[in-house]
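Engineer: After the structure tokens below, expect a handful of questions from me.
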């Protein structure tokens, strides 16, 4: 067929599930990851000419991930491990020009048994994940590369029963929502921050774990203590504090969907459930508000 061309392409392996147990005597650590790898490069002929000679089989990619996990001491540091995976594919195959690696880390929290942390038992306490995306791009030879790193968290479900209002919004003939000075505020936090890095040799110098823990705590502290006039205002404050604290970041993106809890109408049953007497609510899954924003660092003036 004439008049068409292959504009872009990538391929790889998705949903690679991996668990590694790290043992120091009787004290065990566990990490569970879900990994995706997509490669870009000289693969056009596999699409346009049915020539598979340069294809790295996705099963090979899967095996490679498990082998690298066995050999690596950085599996628990997902940004570093993702970099190791990407570097492997870039350096091993000359026709691969870009490696995209996503890793999600699932929560396993050590159990408290008889008042003490147990040495080998863990609890899955929620569906929150820690995530990263690392992109390694070959510029020249296998050692001439650039790197992009994004990290974040997903599905961190939070709720507070007061300290949130919503009023003063635009009203027109389609508006039925009532203003409120106090409401339940709940959301499932998705946050992604972008590192200000392009030199792959600097990856080992970035305290990824400390930055993750701190931004997570900033998010929780701001959510809990900010007397919120809107989700938008709280979101902006979270991001502002994080960017001011960590110069290694160039931007941070939040997605905060509303988890609605509406007051149940009990007037019809002769019970007061409004104002200061409100204590019965019902959750509504959808439709739901969705508030997003990317807050970036201002570039210095020349």
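Residue numbers (the numbering used here): 118 to 419.
Backbone N, C-alpha and C fix where the C-beta goes; we use that ideal spot for every residue, glycine too.
1) For residue 402, count neighbouring C-beta atoms within 10 Å of its own C-beta (all shown protein chains included) and say buried if the count is 16 or more, exposed if not.
2) For a test of the three-state rule: what should DSSP assign to residue 354, helix, strand or coil?
3) Using only CA atoms, which one of 316, 310 and 318 lies nearest to residue 330?
4) Select from 365, 308 and 318 the residue whose C-alpha is nearest the C-alpha of residue 337.
5) Which whole-angstrom value is the C-beta distance of residue 348 and residue 408, which I expect to be below 8 Å?
6) Measure the beta-carbon distance from residue 345 to residue 392 and round it to whole angstroms, keeping in mind my assumption that it falls under 8 Å.
7) Based on the DSSP secondary-structure assignment, which residues constitute the bridge partners of residue 281?
8) Where DSSP assigns a beta bridge to residue 302, which residues make up the other side?
9) Since residue 249 and residue 271 are thought to touch, with beta carbons under 8 Å apart, how far apart are those beta carbons, to the nearest angstrom?
10) Taking just the CA atoms, how far does residue 275 sit from residue 244?
11) For residue 366, is the classification buried or exposed, using 16 other Cβ atoms within 10 angstroms of its Cβ as the cut-off for buried?
12) Whole angstroms is fine: what's the gap from residue 283's alpha carbon to residue 312's?
13) Residue 195 and residue 150 look like a contact to me (Cβ under 8 Å); what is the Cβ gap, rounded to whole Å?
14) Using only the alpha-carbon positions, how far apart do residue 372 and residue 302 sit?
15) Can you name, in chain order, every residue of its own chain whose Cβ lies under 8 Å from the Cβ of residue 277, other than the five neighbours on each side?
16) Residues in the same chain with beta-carbon distance under 8 Å from residue 126, minus the five sequence neighbours each way, listed in chain order, please.
17) For residue 210, which beta-bridge partners are listed by DSSP?
18) Within this structure, are the beta carbons of residue 153 and residue 129 separated by less than 8 Å?
19) Work out the CA separation of residue 289 and residue 350 for me, nearest whole Å.
20) Quick one: Cα of residue 186 to Cα of residue 137, how far?
21) Quick check on DSSP: helix, strand or coil for residue 173?
22) CA-CA distance, residue 253 and residue 261?
23) With a cut-off of 8 Å on the beta carbons, I'd call residue 251 and residue 199 a contact; round off their distance for me.
24) Does the separation of the CB atoms of residue 145 and residue 181 fall below 8 Å?
25) Since residue 165 is in the alpha helix (DSSP H), which residue starts that stretch and which ends it?
26) Please state if the CB of residue 305 and the CB of residue 273 are separated by a distance shorter than 8 Å.
27) Measuring only the C-alpha atoms, how far is residue 172 from residue 212?
28) May I ask which residues mark the beginning and end of the beta strand (DSSP E) holding residue 295?
29) For residue 235 versus residue 227, is the C-beta distance shorter than 8 Å?
30) Cβ of residue 317 within 8 Å of Cβ of residue 264?
31) Spell out the partners DSSP gives residue 248 in its beta bridges.
Structural biologist: From the atom records:
1) exposed
2) helix
3) 310
4) 308
5) 4 Å
6) 19 Å between Cβ atoms; not a contact.
7) 345
8) 277
9) No, residue 249 and residue 271 are not in contact; Cβ-Cβ is about 11 Å, not under 8 Å.
10) 12 Å
11) buried
12) 33 Å
13) 7 Å
14) 15 Å
15) 301, 302, 303, 340 and 341
16) 157, 160, 161 and 164
17) Bridge partners of residue 210: none, in fact.
18) yes
19) 23 Å
20) 8 Å
21) coil
22) 10 Å
23) 4 Å
24) no
25) 161-165
26) yes
27) 10 Å
28) Note, residue 295: premise wrong, no beta strand (DSSP E); not H, not E.
29) yes
30) yes
31) 221 and 269
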